[in-house]
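Below you'll find the structure, written out as structure tokens, and then a few comments.
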Amino acid sequence: DTEVTQTPKHLVMGMTNKKSLKCEQHMGHRAMYWYKQKAKKPPELMFVYSYEKLSINESVPSRFSPECPNSSLLNLHLHALQPEDSALYLCASSQDFGEKLFFGSGTQLSVL
Amino acid sequence: SQQGEEDPQALSIQEGENATMNCSYKTSINNLQWYRQNSGRGLVHLILIRSNEREKHSGRLRVTLDTSKKSSSLLITASRAADTASYFCATAGGGFKTIFGAGTRLFVKA
Chain A
1449 DTEVTQTPKH LVMGMTNKKS LKCEQHMGHR AMYWYKQKAK KPPELMFVYS YEKLSINESV
1509 PSRFSPECPN SSLLNLHLHA LQPEDSALYL CASSQDFGEK LFFGSGTQLS VL
Chain B
144 SQQGEEDPQA LSIQEGENAT MNCSYKTSIN NLQWYRQNSG RGLVHLILIR SNEREKHSGR
204 LRVTLDTSKK SSSLLITASR AADTASYFCA TAGGGFKTIF GAGTRLFVKA
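Chain order of the listed sequences is A and B.
Letter by letter, the first sequence follows residues 1449 to 1560 of our numbering.
Letter by letter, the second sequence follows residues 144 to 253 of our numbering.
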């Protein structure tokens, strides 16, 4: 299984809502990532987890809260988002840092 | 933060032609990778070239790396309409980060 599975594929939420994005991989990869991508822009790194521990937080606002319950799962909890947070949120994993990234198909998020 | 720039930003060619995209970066790297993204979807890894390599091939793809100039190029030979996508270079240094360049949007006309 060489897939990274992300759910949901689409999400519309209001600014007062709380929602979560989910990501799962069964490749035994040690590193998992959240990227944010705006239209016609490159993916921007948000968070990096190594062996279930947060290794990098790229100064992401606290309204985004990552969680890694186990080595296969990665969540991104969303609360009190702003319309400018609307974007494609991509999860990725890799065997080791700096190696080939396997991406999920992303969650297209719209904040109203 | 964005590592580098890619050019051209957009490229339109006829099917059967070759497509060349360039990537420049700013800091020392362990490797450089190229990814492809179809509209609104996840990225797909194409090829990885390590800092001690100068050229690498994979099918119709040829990647070169010049660490003295901090630049790389991706050549797609005999392009097909199905190659229409955005192409990103990404660099990995000594830390945990893989950082993406701005990307080139390729359109191959049938």
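In this text, a Cβ means the ideal position worked out from N, Cα and C, and glycines have one as well.
P1491/A carries a coil assignment under DSSP once its states are collapsed to helix, strand and coil. Identification of chain B residues near S1498/A by a Cβ-Cβ cut-off of 9 Å yields F239, ordered along the chain. Residue burial is scored here from C-beta neighbours: M1494/A has at least 16 other C-beta atoms within 10 angstroms and is therefore classed as buried. In this structure the segment 233 to 253 of chain B lies against the segment 213 to 224 of chain B, because at least three pairs of beta carbons, one per stretch, are closer than 8 Å.
Residues of the segment 1526 to 1553 of chain A with a Cβ closer than 9 Å to any Cβ of chain B, in chain order: L1536, L1538, C1539, A1540, S1542, F1545, G1546, E1547, K1548, L1549, F1550, F1551, G1552, S1553. Under the three-state reduction of DSSP output, P1509/A falls in the coil class, being neither helix nor strand.
Here DSSP, grouped into helix, strand and coil, assigns P1531/A to helix. Within the segment 172 to 188 of chain B, those residues whose Cβ lies closer than 8 Å to any Cβ of chain A are, in chain order, N173, N174, Q176, Y178, G183, R184, G185, L186, V187, H188.
Burial state of N195/B is exposed, judged by a 10 Å Cβ sphere holding fewer than 16 other Cβ atoms.
Assignment of D150/B by DSSP, reduced to helix, strand and coil, places it in the strand class.
Counting C-beta pairs with one atom in each stretch, the segment 1540 to 1547 of chain A and the segment 1480 to 1495 of chain A have three or more that are closer than 8 Å, which means they touch.
Here DSSP, grouped into helix, strand and coil, assigns D1544/A to coil.
For T207/B, the enclosing beta strand (DSSP E) covers residues 204 to 209.
Excluding sequence positions up to five before and after H1458/A, its CB lies within less than 6 Å of the CB of Q1556, all in the same chain and listed in chain order. Residues of the same chain with a CB within less than 8 Å of the CB of E1506/A, apart from the 5 flanking positions on each side, are E1492, L1493, M1494, F1495 in chain order. At least 8 Å separates the CB of P1517/A from every CB of chain B. Secondary structure note for L175/B: its beta strand (DSSP E) is the uninterrupted segment 174 to 180. Interface criterion met: the Cβ of Q1556/A is under 8 Å from a Cβ in chain B.
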